[in-house]
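Okay, structure first, notes after.
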């Protein structure tokens, strides 16, 4: 049996979010080593629509964990994000004028003609959680992008910041963990494995492109499709799928996500 690692994240709406939180709370608490919940809250403000992407106000991501369970939690050691239409919108090829970019708010930068590039969904809060949460101290964030304007992407990564004042670029080990170039995303993930020493089964990958999801899944990486960017639902789905994969790996039974787990 060789099931797929991909998982298509649901669209965000208030009632489904609450139902998903209840389901995941049950899963986290009663199935995965009786671990504490990872609670994700979403803003209910209105969203602006661009093409197929919903640009939502940032949510609050607050994973909760006590010391007794902290080391039992099945969390990834490397979380890898695509950029265009996953972390921000519009995509770089769609930006009319480009640099110099200027930061206009926590979740937006402006190109030279004033066109806004906005972070999607919970992107900033998710990065803050990975980079600042005590239970995430063994995890790092990385980027695997094949955008059309790599230098523009690097400039934006140096402008967007997390709550401790560091830029996204600094959170990426001063750019060392930013793989931005054309090609199959397997190449990007293999390079990140080489740089970090993190095994594929300890990575979690987010991307809006089904082809990238399929390719990276073949490496054994738990991969999440993000048709609306890094939303609350996508983030929670990724954590749940990663924990499920680890549970199956320990038991040596059930579906593996991208690889077969057998004793």
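Numbering (my numbering), first residue to last: 1 to 263. No residue lacks a Cβ here, since even glycine has one placed at the ideal position from N, Cα and C.
Residue interval of the alpha helix (DSSP H) (run including residue 131): In the chain shown, the residue the question calls residue 131 occupies position 131. Note, residue 131: alpha helix (DSSP H), 123 to 132.
According to the neighbour-count rule (16 or more other Cβ atoms, all chains shown, within 10 Å of its Cβ), is residue 135 buried or exposed? Indexing the chain shown from 1 puts residue 135 at position 135. With 16 or more Cβ atoms within 10 Å of its Cβ, residue 135 is classed as buried.
If you draw a straight line from the alpha carbon of residue 147 to that of residue 251, how long is it in whole angstroms? Within the chain shown, numbered from 1, the residue matching residue 147 stands at position 147. Within the chain shown, numbered from 1, the residue matching residue 251 stands at position 251. So the two alpha carbons sit approximately 39 angstroms from each other.
Identify whether residue 167 lies in helix, strand or coil by the three-state DSSP scheme. In the chain shown, the residue the question calls residue 167 occupies position 167. Three-state result, residue 167: strand.
With H, G and I counted as helix, E and B as strand and the rest as coil, what does DSSP make of residue 226? Position 226 of the chain shown, counted from the first residue, corresponds to residue 226. Looking at residue 226 - three-state DSSP - the assignment turns out to be coil, as it is neither helix nor strand.
Should residue 105 be labelled buried (16 or more other beta-carbon atoms within 10 Å of its own) or exposed? Counting from 1 along the chain shown, the entry for residue 105 is found at position 105. Exposed, by the Cβ-count rule.
Going by beta carbon distance, what residues of the same chain come within less than 7 angstroms of residue 110, once the five residues before and after it are set aside? In the chain shown, residue 110 corresponds to position 110, counting from 1. Once the five neighbours on either side are set aside, the close Cβ partners of residue 110 are 101, 102, 104 and 116.
Evaluate the contact criterion for the segment 223 to 234 versus the segment 206 to 215: three or more CB pairs, one atom per stretch, below 8 angstroms. yes
How do the segment 197 to 208 and the segment 174 to 181 stand: do at least 3 beta-carbon pairs fall below 8 angstroms, yes or no? no
So, residue 83 versus residue 143, is the Cβ gap smaller than 8 angstroms? Translated into the one-based positions of the chain shown, residue 83 becomes position 83. Translated into the one-based positions of the chain shown, residue 143 becomes position 143. Yes, they are a contact pair.
Count the other CB atoms, across all protein chains shown, that sit within 10 Å of the CB of residue 96; report buried if there are 16 or more and exposed otherwise. The residue given as residue 96 occupies position 96 in the chain shown. Label assigned to residue 96: exposed.
According to DSSP, simplified to helix, strand and coil, what is residue 268? No information on residue 268 is available, as it lies outside the stretch 1 to 263 that the chain covers here.
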